[in-house]
Amino acid sequence: MSAPLATALLPLAMLAPAASPVSAVEADFDPATAFVPPAAISYASDLVPYGSHAAVFTDRSTAERTVVTLRVAGLAPGHEFPVHMHTGSCGADPAASGPHYQNVLDPVQPSTDPAYANDRNELRLVLHTDGRGDGTASATVAWQPRPGEARSLVLHAGTPAGRHAAGERVACVKLEQ
């Protein structure tokens with residue numbers, strides 16, 4: 001390649017790639033006290049053992065919807081985990097992930113009004129693990145999160161499969177990269 005052509009192409013090579021409408025985050029769960037802040041944190045190693053794995057795929061390829069799919073391996077077998085998108089990032093304190101992300105924000109916080117706290121206004125999944133602790137859950141909402149405001153996916157304690165209750169935060173996966 002000639003020098004003038006190489007010089008002309010260099011600025012193009014330095015441009016940031018266009019944002020993809022599909023993103024993926026894959027990480028192993030680590031303790032919140034890890035030396036390097038982990039992308040996936042377990043707060044309850046009996047339900048989300050250290051070293052278990054999560055993969056989150058977010059598809060925003062159309063303006064009318066968002067699809068989030070969560071795949072896990074090695075969690076507590078035969079368990080049901082309610083999962084919600086949250087506004088804060090994962091941190092050493094489970095509360096760092098903040099409240100549930102809402103498409104239309106409830107003016108009264110914490111949000112308990114069913115007009116706002118529902119599966120049309122919040123992204124909610126119910127993850128069921130099999131006998132090995134593996135599972136997949138997916139949810140679709142008719143909106144896209146505002147940029148920079150949906151920072152984590154939080155797994156709640158739930159119950160043995162079939163009793164659907166949220167409970168305390170047991171794990172967190174960072175959505176921003």
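In the UniProt record's numbering, the protein residues as written are 1 to 177.
A virtual CB, placed ideally from N, CA and C, is assigned to each residue, including glycine.
Enumerate in chain order the residues of its own chain whose CB-to-CB distance from residue i is below 6 Å, with the five nearest sequence positions on each side excluded.
i, result
"residue 81", "127, 155, 158"
"residue 111", "117"
"residue 94", "43, 169"
"residue 73", "53, 134"
How many Å lie between residue i and residue j at the Cα?
i, j, result
"residue 150", "residue 85", "7 Å"
"residue 35", "residue 98", "23 Å"
"residue 169", "residue 22", "26 Å"
Whole-angstrom Cβ separation of residue i and residue j, contact assumed at under 8 Å?
i, j, result
"residue 104", "residue 123", "In fact, because the Cβ distance is near 13 Å, the residues do not count as touching under 8 Å."
"residue 152", "residue 175", "6 Å"
"residue 92", "residue 33", "7 Å"
Which residue marks the beginning of the beta strand (DSSP E) containing residue i, and which one marks its end?
i, result
"residue 80", "79-86"
"residue 26", "22-28"
"residue 172", "169-174"
"residue 135", "135-141"
"residue 59", "53-59"
"residue 73", "66-73"
"residue 128", "124-128"
"residue 105", "Residue 105 -> no beta strand (DSSP E), and no H or E assigned at all."
"residue 154", "152-156"
"residue 40", "40-42"
Residues in the same chain with beta-carbon distance under 7 Å from residue i, minus the five sequence neighbours each way, listed in chain order, please.
i, result
"residue 27", "38, 39, 40, 54, 173"
Does the beta carbon of residue i come closer than 8 Å to any beta carbon on chain B?
i, result
"residue 152", "Included in the structure is just one protein chain, with no chain B present."
Short of 8 Å in beta carbon distance, which residues of its chain neighbour residue i, apart from the five on each side in sequence? Order them along the chain.
i, result
"residue 29", "38, 40, 41, 42, 48, 49, 50, 51, 52, 53, 54, 171"
"residue 8", "Note that residue 8 scores a pLDDT of 46, beneath 50, so its modelled location is shaky and nothing firm can be said."
Is the region 45-61 touching the region 101-119, taking contact as three or more C-beta pairs under 8 Å?
-> no
Does the region 59-69 come close enough to the region 130-149 that 3 or more CB-CB pairs lie under 8 Å?
-> yes
Using 8 Å as the Cβ pair cut-off and three pairs as the minimum, do the region 30-41 and the region 72-82 touch?
-> no
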